[in-house]
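Q: Before anything else, here's the structure in question.
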Amino acid sequence: MTTLETGDKAPHFEGSDQNGNTISLSDYSGKKVILYFYPKDMTPGCTKEACNLRDHNDVLKEKGFEIIGVSADDEKKHAKFAEKYDLNFPLLADTEKEVIKAYGVWGPKTFMGKTNDGIHRTTFVIDEKGKIENVFKKVKTKEHAEQILEKY
């Protein structure tokens, strides 16, 4: 599904987070970014993934990483999700799916025998110069931070 690969220039994005703040990729110039795409706030897998990243955010920051989560949920849903689970990183509200499509993570998914379009759980590590350094297509929701740290 994902067409972006290691070495590609990361598509620029700009949008609002759960607090109404505008964030863009250029805000993170000079830093490594963990840009993770997930299907939906408050669902079991997405909650496990977000909490795992939250719990390891200090270690990831020590290694120079900043985390940004992205889904098609709106700011209000993101705010409830972030508050309920005490998330310590921004969640980009991509209701128009512009960022989701730019990163190639929108497409057909099969769940319980039915195929529908949706977000493919994918994480991009973007280097300090805006290049994609790593792509995780098979995300382990309960151990995603460890999965990333294994590579760094």
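For this note's numbering, count along the sequence shown from 1 and bump the result up by 68.
Glycine included, C-beta positions come from ideal geometry on N, C-alpha and C.
Fair warning: this is a prediction, and the values are worked out from it, not measured in the lab.
(1) Which stretch, first to last residue, makes up the alpha helix (DSSP H) that contains Asp123?
(2) Which stretch, first to last residue, makes up the beta strand (DSSP E) that contains Lys177?
(3) Just confirm the distance between the C-beta atoms of Thr209 and Leu103, as a whole number of angstroms; I'd bet it's less than 8 Å.
(4) If you compare alpha carbons, which of Lys129, Lys108 and Gly172 is closest to Asp76?
(5) Determine the extent of the alpha helix (DSSP H) in which Lys144 is found, giving its start and end residues.
(6) Ala280 and Asn89: beta carbons closer than 8 Å?
(7) Out of Lys129, Asn184 and Glu82, which one is the CA nearest neighbour of Asp162?
(8) Consult DSSP for Leu128 and reduce its assignment to one of helix, strand or coil.
(9) Ordered along the chain, which non-local residues of its own chain (more than five positions away) have a Cβ less than 8 Å from that of Val207?
(10) So which of Thr178, Leu72, Leu217 and Asp85 has the shortest CA-CA distance to Phe149?
(11) Taking a contact to mean a Cβ-Cβ separation below 8 Å, would you say Ser139 touches Ile187 in this structure?
(12) Would Ile194 pass as a contact of Val127 if the rule is Cβ separation under 8 Å?
(13) Starting from Val101, trace the beta strand (DSSP E) both ways and give me its first and last residue.
(14) Going along the chain, which residues of its own chain have a beta-carbon closer than 7 Å to the beta-carbon of Pro79, five neighbours each way excluded?
(15) Would Leu72 pass as a contact of Ile200 if the rule is Cβ separation under 8 Å?
A: In brief:
(1) As a position in the sequence shown, residue 123 is number 55, starting the count at 1. Where Asp123 is concerned, the enclosing alpha helix (DSSP H) stretches over Pro112 to Asp123.
(2) The count along the sequence shown starts at 1 and reaches residue 177 at position 109. Residues Trp174 to Phe179.
(3) Counting from one through the sequence shown, the residue named residue 209 turns up at place 141. Counting from one through the sequence shown, the residue named residue 103 turns up at place 35. Incorrect: roughly 16 Å between the Cβ atoms, too far for contact.
(4) Here residue 76 corresponds to residue number 8 of the sequence shown, with the count starting at 1. Between Asp76 and the set Lys129, Lys108 and Gly172, the nearest pair of CA atoms involves Gly172.
(5) For the purposes of this step, residue 144 is taken as the residue at position 76 of the sequence shown. For Lys144, the uninterrupted alpha helix (DSSP H) segment begins and ends at Glu143 to Lys152.
(6) The structure shown does not extend to residue 280, since the chain is modelled only from 69 to 220, so the question has no answer here.
(7) The residue labelled residue 162 in the question sits at position 94 within the sequence shown. Out of Lys129, Asn184 and Glu82, Glu82 has the C-alpha closest to the C-alpha of Asp162.
(8) Translated into positions along the sequence shown, residue 128 becomes position 60. Of the three classes helix, strand and coil, the one that applies to Leu128 here is helix, per DSSP.
(9) Working through the sequence shown from its first residue, we reach residue 207 at position 139. Around Val207, the same chain offers Tyr104, Glu117, Arg189, Thr190, Thr191 and Gln215 as residues with beta carbons nearer than 8 Å, after the five sequence neighbours per side are excluded.
(10) Against the sequence shown, residue 149 aligns to sequence position 81. Ranking Thr178, Leu72, Leu217 and Asp85 by CA distance to the CA of Phe149 puts Asp85 first.
(11) The count along the sequence shown starts at 1 and reaches residue 139 at position 71. The count along the sequence shown starts at 1 and reaches residue 187 at position 119. Yes, they are a contact pair.
(12) Taking the sequence shown and counting its residues from 1, one reaches residue 194 at position 126. Taking the sequence shown and counting its residues from 1, one reaches residue 127 at position 59. The Cβ atoms of Ile194 and Val127 do not sit closer than 8 Å to each other.
(13) Position 33 of the sequence shown, counting from 1, holds the residue named residue 101. Lys100 to Phe105 is the span of the beta strand (DSSP E), which, as asked, contains Val101.
(14) As a position in the sequence shown, residue 79 is number 11, starting the count at 1. If you ignore the 5 residues before and after Pro79, its C-beta comes within less than 7 Å of the C-beta of Ala170 and Tyr171, all in its own chain and listed in chain order.
(15) Along the sequence shown, read from residue 1 onward, the residue named residue 72 stands at position 4. Along the sequence shown, read from residue 1 onward, the residue named residue 200 stands at position 132. Taking 8 Å as the cut-off, the Cβ atoms of Leu72 and Ile200 count as close.
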